[in-house]
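Here the sequence shown is numbered in our numbering, starting from 2 and rising by one per residue. Okay, structure first, notes after.
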Amino acid sequence: DSAGRTIIKPFAADDSATFRYTGSVVSGSVTLINASAIGLRSYLTDFVVANTGSVSTLITFQDGSTSIIGRTIAPSGGGSNKEFQIPLRTNPSQDLAFTAATSASVLYMTATGYQAP
């Protein structure tokens with residue numbers, strides 16, 4: 002990068018771009034992680050979820066065509082994390098998003114990955 006640090010892009014081709022999403026939601030609406038780019042897929046390599054609510058909730062990762070690409074549970078008062086050996090991927094030219102099945106007090110999400118063909 003511009004500061005001289007080495008950037009590692011696991012699984013990623015040279016023409017790819019990495020992304021990192023960090024945010025929180027309080028409802029079950031669809032939340033964008035990474036916007037689409039024409040002809041490219043988003044690859045989700047790992048995520049961390051923290052649920053401050055008193056009810057466990059199902060987290061669904063999906064693309065813009067609403068195809069489900071993965072799921073995890075965010076336990077009440079706890080969290081979930083996953084690092085994939087083979088990343089989850091969207092269909093070409095589709096957004097990467099997540100939704101929580103039930104509303105939580107606050108649901109925190111950090112997701113990282115890359116965009117490539």
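Backbone N, C-alpha and C fix where the C-beta goes; we use that ideal spot for every residue, glycine too. Quantities reported herein were computed from a predicted structural model and do not represent experimental measurements.
Closest residue to residue i among the options (Cα-Cα distance)
{"i": "M110", "options": "S104, N82, N92 and Q86", "result": "N82"}
{"i": "L97", "options": "S68, P118 and S106", "result": "S68"}
Other residues of its chain near residue i: CB distance less than 7 Å, five sequence neighbours each side excluded
{"i": "A112", "result": "Y22, I34, L45 and F48"}
{"i": "S57", "result": "I74, A75, P76 and S77"}
{"i": "D64", "result": "I70, T91, N92, Q95, D96 and L97"}
Supposed contact pair residue j and residue i - C-beta distance, whole angstroms, cut 8 Å
{"i": "R72", "j": "I60", "result": "7 Å"}
{"i": "T19", "j": "Y115", "result": "5 Å"}
{"i": "A102", "j": "G5", "result": "Wrong, their Cβ atoms sit about 44 Å apart, outside the cutoff."}
Cα-Cα separation between residue i and residue j, rounded to whole angstroms
{"i": "T91", "j": "I70", "result": "7 Å"}
{"i": "I39", "j": "Q95", "result": "8 Å"}
{"i": "S25", "j": "P118", "result": "29 Å"}
Buried or exposed by the 16-neighbour rule on C-beta atoms within 10 Å, applied to residue i
{"i": "V50", "result": "buried"}
{"i": "A36", "result": "exposed"}
Residues near residue i in its chain [Cβ-Cβ closer than 8 Å; skip 5 each side]
{"i": "V27", "result": "S104, A105, S106, V107 and L108"}
Same chain, Cβ closer than 6 Å to residue i, neighbours up to 5 away in sequence not counted
{"i": "R42", "result": "R90, T91 and P93"}
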